[in-house]
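Peer 1:
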Amino acid sequence: MSNEIRIESGVNGFAENKDQAKQLRLSQILPAVSEGDQIVLDFYAVKYATQSFVHALIGEALQTYGERALDLMEFRHCSDAVRSVIELVVDYSLGGFAEKASA
Amino acid sequence: MPSFIVPTNANLHAARSFIAGNNFFDERGDAVLRFHPKWAHVEPLALTMVAAWGAWCKRGGYSLRVENLGKHAAYAARMKLFQQLGVEFEPVKEHEESGRFLPVTQVRTQEDATAAIANISAMLHLQDDPDSLAAVQFCISELLRNVLEHANSPDGAFVAAHRFAEKGTHRVTIAVADCGQGIPSHLARAHPDAAGDDSIAIGLAMQPGVTGAQPTNYGTPDNAGAGLYITRSIAKGTGGYFPLYSGRAAYRLRRALSEDAMVQLFPDPYDDPRGDRWSFPSPWLGTVVSVEIRTETIAHYENFFQWIFEQMPNRKSAAGKIKFT
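Protein chains in written order, with the working numbering: chain A, 1046 to 1148; chain B, 2 to 326.
(1) I'd like the list of long-range same chain contacts for B:Ala189, defined as Cβ closer than 6 Å, with 5 residues on each side in sequence excluded.
(2) May I have the straight-line CA-CA distance separating B:Pro222 from A:His1100, to the nearest angstrom?
(3) Using the Cα positions of A:Leu1069 and B:Val211, report the straight-line distance between them to the nearest angstrom.
(4) Check the Cβ-Cβ distances between B:Glu98 and every residue of chain A, and say whether any is below 7 Å.
(5) Could you tell me whether the Cβ of B:Ile175 comes closer than 7 Å to any Cβ of chain A?
(6) Have a look at A:Met1118 and B:Arg60 and give me their C-alpha separation to the nearest angstrom.
(7) Going straight from the alpha carbon of B:Glu91 to that of B:His73, what length do you get?
(8) Residues of chain A with a CB under 9 Å from the CB of B:Gln307: which are they?
(9) Between the stretch 243-257 of chain B and the stretch 1123-1137 of chain A, can you find at least three pairs of beta-carbon atoms closer than 8 Å?
(10) DSSP three-state call for B:Gly228: helix, strand or coil?
(11) Count the CB pairs spanning the stretch 6-22 of chain B and the stretch 1117-1132 of chain A that are closer than 8 Å, and state whether there are at least three.
(12) Which residues in the same chain as B:His42 place their Cβ atom closer than 8 Å to its Cβ, once the five residues preceding and following it in sequence are excluded?
(13) Tell me, please, which residues DSSP counts as bridged to B:Thr174.
(14) Whole angstroms is fine: what's the gap from B:Asp156's alpha carbon to B:Leu149's?
(15) Check whether the Cβ of A:Leu1139 lies closer than 7 Å to any Cβ atom in chain B.
(16) Between the C-alpha atoms of B:Arg146 and B:Ala162, what's the straight-line distance to the nearest angstrom?
(17) Identify which residue in B:Ala114, B:Phe310, B:Val67 and B:Phe26 has its Cα closest to the Cα of B:Pro327.
(18) Kindly identify the DSSP beta-bridge partner or partners of B:Trp285.
(19) Would you decide whether B:Met2 is buried or exposed? Buried here means 16 or more other CB atoms lie within 10 Å of its CB.
(20) How about A:Arg1121: is its C-beta nearer than 7 Å to some C-beta of chain B?
(21) Whole angstroms is fine: what's the gap from B:Lys317's alpha carbon to A:Ala1106's?
(22) Please tell me whether B:Thr296 and B:Val173 are closer than 7 Å, where the distance is taken between their beta carbons.
(23) Mind checking if B:Ala75 is an interface residue toward chain A, Cβ cutoff 7 Å exclusive?
(24) Taking only beta carbons into account, state which residues of the stretch 1093-1107 of chain A come closer than 7 Å to chain B, listed in chain order.
(25) In terms of residues, what are the limits of the beta strand (DSSP E) holding B:Ser4?
Structure below.
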């Protein structure tokens, strides 16, 4: 089964409303991942997104289910800016941030 | 008495002396806002601080007296500071009202924040510079969400921004101030090592992965603990200032001296040789952050995130497995 989720554009194509991201996470993303269902996250309407928005959207699924969650996710119609934020969030969600000693 | 003295230079460059010359929250007597009698160069940093402090005074039942109002306070009036304070002051108009600024705006809810972000494009005249606009929107969004989610501020946040594009360095200066619980109080539960040392607390808050909820470096489902880190990185990457003041401690990243210095990112802000670390006898009961974005140095907004991504520890990243279609 595949779930397609269209991400709202926000202000001028700038997605920053974490409350909306959290609502999508709790109502659609986490239930789908927990069932092993595929998810398509469609960023067609979004030009830019904050890291906090993307974190609120997918961070918990990645931290809870690890790379299995990533295997279930497809990111569609991402601009270069959105893509770079997703890469950052995926990386630290699965690996953590640098500790001072290793920085 | 609670007093806010606005000296001749209340800007990012002179932040230390401006803050040190104040005792903002002395609880005895009436509140006084005093402008320098002849000249006042204020930027969003000072304007938002005055607005947040004024709301604190009002909440505490203090009577506010404003001294030395004159034509040198015209900029503060254009930025709608006195409107926020409930003080009647109409300076003589000496020049055109149009400008490139977001006036001092109170933000209490996500809807307020969204409206402020929506207004930024037109108010700063950044329609033709989408990469700079995105950087500005990002910083404002992250700083406002920090207040709404963590500050426990009864008055919310006060935000202002100004685009300086006529002469000298082309830049946008943003500031967000609140009189909430402050960073040291917010972090104390999860980071007992920061309790009693405001400098340690604000240093932690600027590192990636630090939240007030738990002592890990992964964040929580709702917060990565990276907003201040990335905001500081955007200032750093454009060569701009980044000051943060909470409790008795303040930090200021100075402008970069060279392009090479701009690309040296330090997860711990105190490792940065361009960082100033200050302690003040008089605390700020809340948090103040300002970001200076030098727009002329921005080529592509997404480069900031690739650059930050490259600072992550060496490991086999899962980012390569992301399915982009």
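Think of the CB as a built atom: it goes at the ideal place given N, C-alpha and C, for glycine as much as any other residue.
Peer 2: Taking the structure as given:
(1) Within the second sequence, numbered from 1, the residue matching residue 189 of chain B stands at position 188. Closer than 6 Å at the Cβ level, and outside the excluded window around B:Ala189, lie Ala196.
(2) Here residue 222 of chain B is taken as the residue at index 221 of the second sequence, counted from 1. Here residue 1100 of chain A is taken as the residue at index 55 of the first sequence, counted from 1. In a straight line, the C-alpha of B:Pro222 is about 8 Å away from that of A:His1100.
(3) Along the first sequence, one-based indexing puts residue 1069 of chain A at 24. Along the second sequence, one-based indexing puts residue 211 of chain B at 210. So the alpha carbons of these two residues sit roughly 24 Å apart.
(4) Counting from 1 along the second sequence, the entry for residue 98 of chain B is found at position 97. Reliability of the predicted coordinates at B:Glu98 is poor, the pLDDT of 49 falling under 50, and no value is obtained from them.
(5) As a first step, residue 175 of chain B is located in the second sequence; it is residue number 174 there, counting from the start. Not closer than 7 Å to any Cβ of chain A, the Cβ of B:Ile175 fails to qualify, so no.
(6) Residue 1118 of chain A sits at position 73 when you count from the first residue of the first sequence. Residue 60 of chain B sits at position 59 when you count from the first residue of the second sequence. Those two C-alpha atoms are separated by around 48 Å.
(7) Against the second sequence, residue 91 of chain B aligns to sequence position 90. Against the second sequence, residue 73 of chain B aligns to sequence position 72. Looking at the two C-alpha atoms, the distance is approximately 12 Å.
(8) If you number the second sequence from 1, residue 307 of chain B lands on position 306. Within chain A, the residues near B:Gln307 are Ser1129, Glu1132 and Leu1133.
(9) no
(10) Residue mapping note: residue 228 of chain B aligns to position 227 of the second sequence, counting from 1. Note: B:Gly228 maps to helix in three-state DSSP.
(11) no
(12) Within the second sequence, residue 42 of chain B is the residue found at index 41, counting from 1. Result list for B:His42: Thr9, Asn10, Ala11 and Asn12, in chain order.
(13) Against the second sequence, residue 174 of chain B aligns to sequence position 173. Paired residues: B:His163 and B:Glu293.
(14) Taking the second sequence and counting its residues from 1, the one referred to as residue 156 of chain B is at position 155. Taking the second sequence and counting its residues from 1, the one referred to as residue 149 of chain B is at position 148. Using only the alpha carbons, I get a separation of about 10 Å.
(15) By 1-based counting over the first sequence, the position of residue 1139 of chain A is 94. Yes, because at least one Cβ of chain B sits closer than 7 Å to the Cβ of A:Leu1139.
(16) Residue 146 of chain B sits at position 145 when you count from the first residue of the second sequence. Residue 162 of chain B sits at position 161 when you count from the first residue of the second sequence. For B:Arg146 and B:Ala162, the distance between alpha carbons rounds to 16 Å.
(17) The requested residue 327 of chain B is not part of the displayed model; chain B covers only 2 to 326.
(18) Counted from its first residue, the second sequence places residue 285 of chain B at position 284. Looking at the DSSP assignment, B:Trp285 forms a beta bridge with B:Gly248.
(19) In the second sequence, counting from the first residue as 1, residue 2 of chain B sits at position 1. By the 10 Å Cβ count, B:Met2 comes out exposed.
(20) Here residue 1121 of chain A is taken as the residue at index 76 of the first sequence, counted from 1. Answer yes: the Cβ-Cβ gap between A:Arg1121 and chain B drops below 7 Å somewhere.
(21) Position 316 of the second sequence holds residue 317 of chain B. Position 61 of the first sequence holds residue 1106 of chain A. Each residue's alpha carbon lies about 20 Å from the other.
(22) In the second sequence, the residue the question calls residue 296 of chain B occupies position 295. In the second sequence, the residue the question calls residue 173 of chain B occupies position 172. Closer than 7 Å, so yes.
(23) Walking along the second sequence from the start, residue 75 of chain B turns up at place 74. No - not a single Cβ of chain A is within 7 Å of the one on B:Ala75.
(24) Tyr1093, Thr1095, Gln1096, Ser1097, His1100, Ala1101, Gly1104 and Glu1105
(25) Against the second sequence, residue 4 of chain B aligns to sequence position 3. Ser4 to Val7 is the extent of the beta strand (DSSP E) around B:Ser4.
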